[in-house]
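Colleague: Before I ask anything, here is the structure I am working with.
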Amino acid sequence: MRKLENSELERKSIEAFKQSEKTPLILVLDDIRSLHNIGSVFRTADAFLIEKIYLCGITATPPNKEIHKTALGATETVAWEHKENVLEVIEKLKKEKVMTLAIEQVESAIFLQNFKVKKGEKYALVFGNEVYGVSQEAVALCDGSIEIPQLGTKHSLNISVSAGIVVWDLFQKMNWPK
């Protein structure tokens, strides 16, 4: 077994990325404090051809040296927009017939492994603050909620880890049905 060189990975150019058909997922980041978390989510979004990221509230925006450290250029490929109010973003997406889902531990949440994607449906995944999670107001406005099952003592994951887990799960369910 041999590790592949970067030149062998057939990476898309920025232009090719922008012209590629996107995965019907939108990520909504609300009040994310860590610039490294933001950059990491951009990198995940690039890896899975995510349609767009909304950066809401206090969530920092590119260009930013600290975001760039983990995004490694993904801020140049993934479409993004800053909006002050996450509730307005959720309302806008719902009007556009996008299924909005809080990634949070709430009553009647669907465990990630039990969530079924619907063909032709576009989803917006709402991720909240590192300490407080998705606000109750945002949860109440969303169409539903997905929970990542956890068995340890903490019952919380870093937001960039949560985004990676949920994006990968939905991506593979959309692309490789059983």
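For the sequence shown, our numbering assigns the number 7 to the initial residue and increments by one for each residue that follows. We put the CB at the ideal spot given by N, CA and C, even for glycine.
Using a Cβ-Cβ cutoff of less than 6 Å, which residues in the same chain neighbour Met180 once the five nearest sequence positions on both sides are dropped?
Modeller: Here the set comprises Val123.
Colleague: Enumerated in chain order, which unbroken segments of the alpha helix (DSSP H) with a length of 4 residues or greater are wholly contained in the segment 29–111?
Modeller: The segment 29–111 contains these whole alpha helix (DSSP H) runs: 41–53, 71–77 and 92–101.
Colleague: Are there 16 or more other CB atoms within 10 angstroms of the CB of Pro68, so buried, or fewer, so exposed?
Modeller: Result: buried.
Colleague: Taking Cβ to Cβ, would you say Val173 is nearer than 8 Å to Thr76?
Modeller: Result no, Cβ atoms of Val173 and Thr76 do not sit closer than 8 Å.
Colleague: In chain order, what are the residue ranges of uninterrupted beta strand (DSSP E) at least 3 long that sit wholly in the segment 111–142?
Modeller: Within the segment 111–142, the complete beta strand (DSSP E) runs of at least 3 residues are 129–133.
Colleague: Using only the alpha-carbon positions, how far apart do Ile64 and Arg39 sit?
Modeller: Looking at the two C-alpha atoms, the distance is approximately 7 Å.
Colleague: According to DSSP, is Ser26 part of a helix, a strand, or is it coil?
Modeller: If DSSP states are grouped into helix, strand and coil, Ser26 belongs with coil.
Colleague: Can you give the Cα-Cα distance for Thr131 and Ile20, rounded to whole angstroms?
Modeller: Sequence inspection shows Leu at residue 131; the Thr mentioned does not correspond to that position. Cα-Cα distance, rounded: 24 Å.
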